[in-house]
Amino acid sequence: MSHASRIVKREEHELPTDVVELAKALAELPGEHRQRIEPLIKSVLESTKRRRRILGLVQDALGQLRLDMRYLMFDLEATRRERDEFRRKLEEANGP
Numbered sequence: 024m025s026h027a028s029r030i031v032k033r034e035e036h037e038l039p040t041d042v043v044e045l046a047k048a049l050a051e052l053p054g055e056h057r058q059r060i061e062p063l064i065k066s067v068l069e070s071t072k073r074r075r076r077i078l079g080l081v082q083d084a085l086g087q088l089r090l091d092m093r094y095l096m097f098d099l100e101a102t103r104r105e106r107d108e109f110r111r112k113l114e115e116a117n118g119p
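Counting in my numbering, the sequence shown runs from 24 upward without gaps.
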């Protein structure tokens, strides 16, 4: 088994299909061509994996931000209701 095919099998679930197919095609090339291209495909595999990891982190952060915004909106609405209730009671106490 070649080095490129080990990379593909280990990370296949994390990579786009076209990148996996490219690595498999590389594994089928004659040795001299494969040796010239292997460092390049390894770089592509690593950068793709890194981008996927970064994308996952960004998506998690956006999800947390959305949740935080919901909590803040809920808190803001509760604060407004409390303010309005306090004003109403204040007006009743100072009223007629």
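C-beta atoms are modelled at their ideal positions from N, C-alpha and C, and glycine is treated no differently.
Bear in mind the structure is a predicted one, so any value in this text is a computation, not a measurement.
How would you write the range of the alpha helix (DSSP H) that L45 sits in, first residue to last? Boundaries of the alpha helix (DSSP H) harbouring L45: 40 to 50, taken from the DSSP string.
Work out the CA separation of A101 and Q87 for me, nearest whole Å. So the two alpha carbons sit approximately 21 Å from each other.
In this structure, does DSSP put P62 in helix, strand or coil? Correct three-state label for P62: helix.
Could you give the distance in angstroms between the alpha-carbon of R75 and the alpha-carbon of P62? Distance between the alpha carbons of R75 and P62: 20 Å.
Under 8 Å by Cβ, that's how I've got L78 and I60 pegged, so tell me the actual separation to the nearest angstrom. Contact check for L78 and I60: beta-carbon distance about 26 Å, past the 8 Å limit, so the pair fails to qualify.
For V81, count neighbouring Cβ atoms within 10 angstroms of its own Cβ and tell me buried if that reaches 16, exposed if not. So V81 counts as exposed.
Of all the options D107, E108, D41, which has the alpha carbon lying nearest to the alpha carbon of T71? Just measuring C-alpha positions, the residue of D107, E108, D41 sitting nearest T71 is D41.
For K65 and M96, the rounded distance between their alpha carbons: About 46 Å.
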